[in-house]
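Chemist: Chains A and B supply the protein sequences, listed in that same order. The first sequence begins at 261 in my numbering and counts up one residue at a time. The second sequence begins at 4 in my numbering and counts up one residue at a time. Don't be surprised by glycine CBs; every beta carbon is placed ideally from N, CA and C. No experiment lies behind these values; they were computed from the predicted model shown. Take a look at the following structure, please.
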Amino acid sequence: MKILFYGRLRDAAGDTERIVDLPADVRDADSLRAWLGADNPHLLEGLRDRSVRMIVNDELVHGNPTLAQGDEVEFLSPVSGG
Amino acid sequence: MIRVQEEPFDAAAELALLTDRAPQAGAVAAFVGLVRPESASGEVQQLELQHHPRFTLKTVEEIGEDGCARFDLQALTIIHRFGLLDPGEAIVFVAAAAEHRRAAFEAVDYLMDRLKTEAAFWKREHGPEGARWIEARAEDHADRRRWDDENTA
Chain A
261 MKILFYGRLR
271 DAAGDTERIV
281 DLPADVRDAD
291 SLRAWLGADN
301 PHLLEGLRDR
311 SVRMIVNDEL
321 VHGNPTLAQG
331 DEVEFLSPVS
341 GG
Chain B
4 MIRVQEEPFD
14 AAAELALLTD
24 RAPQAGAVAA
34 FVGLVRPESA
44 SGEVQQLELQ
54 HHPRFTLKTV
64 EEIGEDGCAR
74 FDLQALTIIH
84 RFGLLDPGEA
94 IVFVAAAAEH
104 RRAAFEAVDY
114 LMDRLKTEAA
124 FWKREHGPEG
134 ARWIEARAED
144 HADRRRWDDE
154 NTA
């Protein structure tokens with residue numbers, strides 16, 4: 261799975277993108293956030309901010325979508341605006 | 004015509020192109036947003052605008068479409084830059100052509116209020132003491148809300 265971060269989340273994540281192998285028990289957005297933030301409380305808090313949006317395979321998604329290993333997942337920090 | 008690009012734009016040339024696209028227009032209004040050398044947080048050496056390769060354009064296009072639907076426009080241009088910009092550089096250009104001036108003025112005002120709060124950019128100001136993330140100001144949100152309060156015809 262390819263994961264990308266936009267905006268302030270990059271600081272918490274320490275990178276702009278990463279390729280990961282999902283553990284078997286990570287199957288949806290909630291569990292992905294928990295897994296990504298497991299050793300990084302700052303990132304966990306950031307990912308759980310309700311104004312952070314998610315794009316999965318180039319589509320904006322809401323709620324807790326199911327995720328698969330081959331998906332591309334993007335986390336968008338709240339925008340600064342133009 | 005809506006573009007998100009890294010390169011600088013020529014506002015005067017874009018204004019002429021827009022006017023050419025609206026031969027029936029009686030009014031053309033335009034706005035240019037610039038990088039200020041100083042913000043509330045201090046000196047600005049560079050403004051960094053991060054964007055998403057596809058989603059950012061979608062957000063700007065959607066705002067433009069709403070502008071065309073709400074105001075009876077004959078032509079519209081929005082150009083928004085991303086990247087590292089210096090103080091004094093132009094960041095954004097919004098111009099609208101309409102039959103009469105009220106629609107042209109209000110459309111540009113409306114579009115800027117939408118862009119300032121909703122366009123998918125992430126901005127950092129780079130100053131002498133490092134970089135700081137920028138959020139839309141309370142004033143930007145208040146300006147944006149003005150358009151929700153108005154009765155739509």
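1. Among the candidates B:Glu10, B:Gln53 and B:Ala25, whose CA atom is the shortest distance from the CA of glutamate 138 of chain B?
2. Is it a yes or a no for the region 108-125 of chain B touching the region 9-23 of chain B, going by three-plus beta-carbon pairs under 8 Å?
3. Any beta carbon from chain A within less than 7 Å of threonine 120 of chain B's own beta carbon?
4. So, is the C-beta of serine 291 of chain A closer than 7 Å to a C-beta in chain B?
5. Quickly, what does DSSP pair isoleucine 66 of chain B with across the bridge? List them, please.
6. In the structure shown, what three-state DSSP assignment does serine 42 of chain B receive?
7. By how many angstroms is the C-alpha of alanine 100 of chain B removed from the C-alpha of valine 321 of chain A?
8. Ends of the alpha helix (DSSP H) at methionine 261 of chain A?
9. Are any of the Cβ atoms in chain A nearer than 7 Å to that of glutamate 142 of chain B?
10. To the nearest angstrom, report how far apart alanine 294 of chain A and aspartate 75 of chain B are at their CA atoms.
11. Taking CB distances under 7 Å as the criterion, tell me whether valine 95 of chain B reaches chain A.
12. Can you tell which of A:Pro338, A:Arg270 and A:Arg268 has its C-alpha closest to the C-alpha of arginine 310 of chain A?
13. Let me confirm a value: arginine 127 of chain B is counted as buried when at least 16 other C-beta atoms fall within 10 Å, else exposed. Which label applies?
14. Could you list which residues in chain A have their beta carbon closer than 7 Å to that of histidine 83 of chain B, in chain order?
15. Who does aspartate 218 of chain A pair with in a DSSP beta bridge?
16. Got a sec: does the ligand MG put a non-hydrogen atom nearer than 6 Å to the Cβ of proline 131 of chain B?
17. Given a threshold of 16 other Cβ atoms within 10 Å of its Cβ, counted over all protein chains shown, does arginine 268 of chain A qualify as buried or as exposed?
18. For glutamate 165 of chain B, go through chain A and note every residue whose CB falls closer than 7 Å to its CB, in chain order.
19. Starting from leucine 318 of chain A, find everything on chain B with Cβ-Cβ shorter than 7 Å and list it in chain order.
Modeler: On the basis of the coordinates in this document:
1. B:Gln53
2. no
3. yes
4. no
5. The partner list for isoleucine 66 of chain B (beta bridge, DSSP) is empty, contrary to what the question assumes.
6. strand
7. 35 Å
8. Where methionine 261 of chain A is concerned, there is no enclosing alpha helix (DSSP H), given that its DSSP letter is neither H nor E.
9. no
10. 48 Å
11. yes
12. A:Pro338
13. buried
14. Gly342
15. Only positions 261 to 342 of chain A appear in the structure, and residue 218 of chain A is not among them; the question remains open.
16. In the structure shown, the ligand MG is absent, as is every other ligand, since no ligand is present at all.
17. buried
18. Summary: the structure shown does not reach residue 165 of chain B, with chain B confined to residues 4 through 156, and so no result is reported for it.
19. According to the sequence displayed, residue 318 of chain A carries aspartate and not leucine. Near aspartate 318 of chain A (Cβ distances below 7 Å), the residues of chain B are Arg57.
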